[in-house]
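Colleague: Residue numbers (the numbering used here), protein chains in the order written: chain A, 1 to 429; chain B, 1001 to 1383.
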Amino acid sequence: MSNNDSLSNDKKLDRRDFFRKTAALSATALAGTSIFADDDAIMKTPEWATKWGDPVTTNLYGIPSAYEHNVTRRSTELLSSGNFRASIAVTPIHESKGIITPNGLFFSRSHGGTAHIDPEEYRLMIHGLVEKPIVLTLAQLKRYPSVTRIHFIECPANGGQEWRATQFNSVQFAKGFMASAEWTGVYIKTILDDLGIKPEAQWMLAEGGDSSKMGRTVPMDKVLDDAMIVWGQNGEALRPEQGYPVRLLLPGWEGNLCVKWLRRLEFAAEPWYCKEETSKYTALKPSGKAIQHFYANEVNSTVVSPSPEIPWTDLPDGAVVEIEGLAWSGMGTITGVDFSLDGGRTYVQAELKGLVLPKSWTRWSYMHTYKKGDKLLLTSRAMDDAGFIQPTIDEETSVMGVESVYHRNAVETWEVTENGEVNHVQIRS
Amino acid sequence: MFKLDRKLILSASVFTAAALFVAGCAGGGLGFSNSNTAHAKPSIDGGVFYPVVNGKTGPYLVDRVAAPMKINHGRIPTENELKAWDTDVMPDGTGLPEGHGNASEGSDIYDAKCGSCHGDFGAGGAGYPSLAKGNAYSMMETLKSQRSEEGAEGPNRVFGVYWPQASTLWWYIKDAMPHQATGTLTEDEVYALTAYILKLNEIKIDGVLVDDDYELDREKFLKIVMPNKDGFEPKIDGPNSLPGVRAYYANPANYGAIKVKPSERCMKDCQKPTVKNVYVTNGGIKDFVPPMATAKDLPKVESKEFNAAKSYEENCAMCHANKSMGAPAIGDAKAWAAVNKKGMDAVYKNGIEGINGMPAKGGANLSDAEFKLIVDYIVNLSK
């Protein structure tokens, strides 16, 4: 109306003139058909608008829209060990929404393939340095009072292929060795209330019942804190890929420690030296010494939108666009995320969004006005309530070298080119 | 009482042990904290410990009725049940059964059951780890190698060079090998295979080099000192190791982490002038399965029919793609002529039941009919 207002002020038009003029303007606007072609999506009537849809009895366990078929976990030959049976399929975090990953997209790692366990034949054995060893059926386990928590699980090799340089021009592969869910189960300390733990117990062995018998040693600190035995994920039973019917959940700690297809917990005074806590999941430093029992995934973050997968090539000049990312820490709660458009030379604070929970994905946002042709370097840097901040690549490699494989949490940078393409880069000196 | 404003959660006999872990909670959790975000003490991992304060742990409400209740589900396992599942082997020999075997026997078992994946002499194969790279003691120096520069050799992390305990190997072979048929080796076979792998790594036991005739048994096994026994930190052995682990993770400098007061973090001029962008070279790794795509469209309708070529790639190519794994390679007319001489019924049968290093159906989950289609596919391409 401001144009019309100024028109009426300047020319002192009477009401009749005014309406005549605006009617003419409207006619011109309608004549806009010569500028914009009719949109077929509006003008043509699609089949779904007139024909019956599926009966409600179709897909009684729902499946995603067929149009979403490209939103899947993916693997690569590099990670295909054991004919894809000692391997990993990673989460499409470029398509992630909020802080919950759908169960079908939750990253999947196994050491002997995905086992399919009959829940009627499932047993959990707890023994060793306890006053009373026990065997539980699944039904008995589920009768314990349940606890529900939102936590991410991250493979400590997330980003571990890129200590020396970027190798993946993809956020799914560079950062998707993780996912986040709402888990339901029981605290192990609740079960230990019944059993009584002997004073000399320092360690717990958690072992899977799949063909790989994957085992890990867990210190009692974690067992008596927030360690859980879980059977529920996002409101349903665990998927086979997540250890159906039961897995261990050690909030914030290496995904590998969250043993799937869990069948046995044993308590002892000495640690076990399992295969996956010696040959792998140990971080070799330049001194030649390796960190073992490297428990928590440290504070971390990344931009997830835009991404090499879904870039800004179709973004018009002047568009106001939301840059979104994830931040997470296995050592506490995210307290803030700093964001940089110049690769980490200058930072401003990004906005945290939604629920901010301990040891959970946390979503952050930065609103940006896009200028076509601008070259940008998008870098994020998260902090947690334990006081940690993400290091630069130089800072992290100066201590850890480039051969440690695991626990890489230096800041990530995503380049936006003049054409709006997005590339994974590293800022190094 | 102590521990998270619940009633005493463990039996009295446990009090001392529990106090070791949660000491400070009672005072810390209930004394210091006035808010839900306050934490009494660091966690063992260097992070935050969230005590229960005013009925909440962090942002979560705790069920104050359920938490202190005794539940008592389940039953005590039988001796036999414990024996069946408690098969782990610890460094001090706990769980290690009697038995014996030598490297020469181990070599034969290896060639029959392991070599198809791990390669000749443990050299490794496509997607399967190598088990030895020669003399382990002389390779120790490589653990300090860093491939920061082009062409530099990386550290050698095979069993003999890197693993701190031999018990890990014995236990892993017994419970988790061969990969497609785990738990099928006898104790003597595991001793023999262990002797063979020790031999490939040129390990000495009590000053004696493990050679073909070295008869490994439980007593000798427990004398093995792995070259890299002391190569790991923090220390986890001994009756009071947990305080050491806590201390290790309380120091961020040990593991490349950085703590900073939020008010003191760098917001401007945070980089050296020498920084540069490092790009993915040559397109990087992009053999994704399935290929990367983001279109929102309808999927191409895949044929419901069994696709032998696709199944071959998924299940057989690892060993049959070329000669290196010892299996007759696809396209090798000479090798397949020798196989086919037995007649197709025998070829099918051998494949379905397994032959030499090949497990039944190559370890694939296929019907006999599907498996035969793959055999036909390979044979047709190998004429």
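Even glycine gets a Cβ: it sits at the ideal position worked out from N, Cα and C.
Give the interface partners of Gln140/A over in chain B, defined as CB-CB distance under 8 Å, in chain order.
Modeller: His1073, Gly1074
Colleague: Find out if the Cβ-Cβ distance for the pair Gly344/A, Gln1271/B is shorter than 8 Å.
Modeller: yes
Colleague: Using the beta-carbon count (16 or more within 10 Å), is Lys1306/B buried or exposed?
Modeller: Looking at the sequence shown, residue 1306/B is not Lys but Phe. When all chains shown are included, Phe1306/B counts as exposed.
Colleague: Tell me which residue opens and which closes the alpha helix (DSSP H) that Asp1108/B is part of.
Modeller: Its alpha helix (DSSP H) spans residues 1103-1113.
Colleague: As an exercise, report each continuous alpha helix (DSSP H) stretch of at least 4 residues that is fully enclosed by the segment 108-149 of chain A, in chain order.
Modeller: 138-142
Colleague: Restricting to Cα atoms, I'd like to know which of Lys1286/B, Lys1323/B, Arg1075/B is closest to Asp194/A.
Modeller: Proximity to Asp194/A across Lys1286/B, Lys1323/B, Arg1075/B peaks at Arg1075/B, based on C-alpha coordinates.
Colleague: Taking DSSP as the reference, what is the three-state secondary structure of Ser211/A?
Modeller: coil
Colleague: Just mark Asp1092/B as buried or exposed, buried being the case when its beta carbon has 16 or more other beta carbons within 10 Å.
Modeller: exposed
Colleague: Would a check of beta-carbon distances place Asn423/A closer than 8 Å to chain B?
Modeller: Contact of Asn423/A with chain B is assigned, a C-beta pair being separated by under 8 Å.
Colleague: Does the Cβ of Trp48/A have 16 or more other Cβ atoms within 10 Å, making it buried, or fewer, making it exposed?
Modeller: Residue environment: Trp48/A is assigned as exposed (fewer than 16 neighbouring CB atoms within 10 Å of its CB, all protein chains considered).
Colleague: Less than 8 Å between the CB atoms is what I'm expecting for Pro1164/B and Met1226/B, so what's the real figure, rounded?
Modeller: 6 Å
Colleague: Can you pull the chain A neighbours of Cys1114/B, defined as C-beta to C-beta under 8 Å?
Modeller: Within 8 Å Cβ-Cβ: nothing; Cys1114/B doesn't reach chain A, min ~13 Å.
Colleague: Cβ atoms of Glu322/A and Arg363/A: under 8 Å apart, would you say?
Modeller: With respect to Glu322/A, Arg363/A sits apart: the two C-beta atoms are not nearer than 8 Å.
Colleague: When the cut-off is 8 Å and only beta carbons count, does Asn83/A lie next to chain B?
Modeller: yes
Colleague: Which stretch, first to last residue, makes up the beta strand (DSSP E) that contains Tyr1279/B?
Modeller: 1276-1279
Colleague: Could you pull out every residue in the same chain whose Cβ sits closer than 7 Å to the Cβ of Gly176/A, ignoring the five residues on either side in sequence?
Modeller: Val90, Thr91, Pro92, Ile93, Phe107
Colleague: By Cβ distance, which residues of its chain are closer than 6 Å to Glu1153/B, with the 5 residues on each side in sequence left out?
Modeller: Ser1145
Colleague: Measure the beta-carbon distance from Trp414/A to Leu378/A and round it to whole angstroms, keeping in mind my assumption that it falls under 8 Å.
Modeller: Trp414/A to Leu378/A, Cβ: 5 Å. Contact.
Colleague: Output needed for Met367/A: all residues of its chain with C-beta closer than 7 Å, excluding positions within five of it in sequence on either side, in chain order.
Modeller: Val320, Glu322
Colleague: Would you mind working out which of Asn1156/B, Gly1207/B, Gly1127/B sits nearest His1179/B, comparing C-alpha positions?
Modeller: Gly1127/B
Colleague: Look up Phe1306/B in the DSSP assignment and say whether it is helix, strand or coil.
Modeller: In the three-state reduction of the DSSP assignment, Phe1306/B falls in the coil class, being assigned neither a helical nor a strand state.
Colleague: At the level of alpha carbons, what is the spacing between Val425/A and Asp1269/B?
Modeller: 20 Å
Colleague: With burial defined as no fewer than 16 other Cβ atoms inside 10 Å of the residue's Cβ, what is the status of Pro46/A: buried or exposed?
Modeller: Classification for Pro46/A: exposed.
Colleague: Suppose contacts are defined by Cβ-Cβ distances below 8 Å. Is Ala66/A in contact with Val1048/B by that definition?
Modeller: no
Colleague: Please state whether DSSP places Trp261/A in a helix, a strand or coil.
Modeller: coil
Colleague: Tell me whether Ile42/A is buried or exposed, calling it buried when 16 or more other Cβ atoms sit within 10 Å of its Cβ.
Modeller: exposed
Colleague: If the cut is a Cβ gap below 7 Å, which residues of chain A does Phe1221/B touch?
Modeller: Result: empty, since nearest Cβ-Cβ is about 14 Å, beyond 7 Å.
Colleague: Which residues in the same chain as Ser340/A place their Cβ atom closer than 8 Å to its Cβ, once the five residues preceding and following it in sequence are excluded?
Modeller: Cβ neighbours of Ser340/A beyond the five flanking positions: Thr346, Tyr347, Val348, Leu377, Leu378, Thr379, Ser380, Arg381.
Colleague: Considering Arg363/A, what are the terminal residues of the beta strand (DSSP E) in which it resides?
Modeller: 362-369
Colleague: Using the three-state DSSP reduction, which class does His424/A fall into: helix, strand or coil?
Modeller: strand
Colleague: By the DSSP assignment, the alpha helix (DSSP H) with Tyr187/A in it spans what residues?
Modeller: Looking at the DSSP string, Tyr187/A is not in any alpha helix (DSSP H); the run it does join, the beta strand (DSSP E), is 178-187.
Colleague: Taking 8 Å as the CB-CB cut-off, is Trp272/A touching chain B?
Modeller: yes
Colleague: For a minimum of 4 consecutive residues, which ranges assigned as the alpha helix (DSSP H) are wholly contained in the segment 1111-1142 of chain B?
Modeller: 1115-1118, 1136-1139
Colleague: Check whether chain A comes within 8 Å of Pro1299/B, counting only Cβ atoms and requiring the distance to be less than that.
Modeller: yes
Colleague: So which residues on chain A does Leu1082/B lean against when the C-beta distance must stay under 9 Å?
Modeller: By Cβ distance, chain A contributes Met125, His127, Pro133.
Colleague: Run the CB neighbour count on Thr1016/B, radius 10 Å, all protein chains shown included, and call it buried at 16 or more, exposed below.
Modeller: Annotation note: pLDDT 36 at Thr1016/B (below 50); position unreliable, coordinate value reported separately. Exposed.
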